[in-house]
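Chemist: Here you go, one structure.
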Amino acid sequence: MIFELLAHRHPFFDNKTEGDISAVEFIHRVVDLPPAELPDHYPSVLRNLIKKMLEKDPQKRISDEQILEIPEVISALEQQ
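By this note's numbering, the letter at position 66 of the sequence shown is numbered 47, and the numbering carries on one by one without gaps.
See below:
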């Protein structure tokens, strides 16, 4: 969801094909294909975080505890 809010598109298909793919094709893309990358105008820390959040393997996916250890996240939370 965060990817879609930032990129204005789904991480596994573009807006042009959104309504034109079957459920089987959608599942194939989500399961077998890598997600799209966020555009380069976003900071690399954010792009890397989103990429880690979209990791398909739950054992490799970033945890909420790990997210809270990222210096930029700590800094943003301290400013609130």
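The beta-carbon is built from N, C-alpha and C at its ideal position, and this holds for glycine as well. All values derive from a computational prediction rather than experimental measurement.
Between F(-16) and R10, which are expected to be in contact by the criterion C-beta below 8 angstroms, what is the C-beta distance as a whole number of angstroms?
Modeler: Their Cβ separation, rounded to whole angstroms, is 14 angstroms, which puts F(-16) and R10 out of contact at 8 angstroms.
Chemist: Going by DSSP, what residue range makes up the alpha helix (DSSP H) through I8?
Modeler: Residues 4 to 13.
Chemist: Do I51 and L30 have their beta-carbon atoms positioned less than 9 angstroms apart in this structure?
Modeler: Yes, the pair counts as a contact, with Cβ atoms nearer than the cut-off.
Chemist: According to DSSP, is F(-6) helix, strand or coil?
Modeler: Three-state DSSP puts F(-6) in a strand.
Chemist: Cα separation between A(-12) and L27?
Modeler: Distance between the alpha carbons of A(-12) and L27: 12 angstroms.
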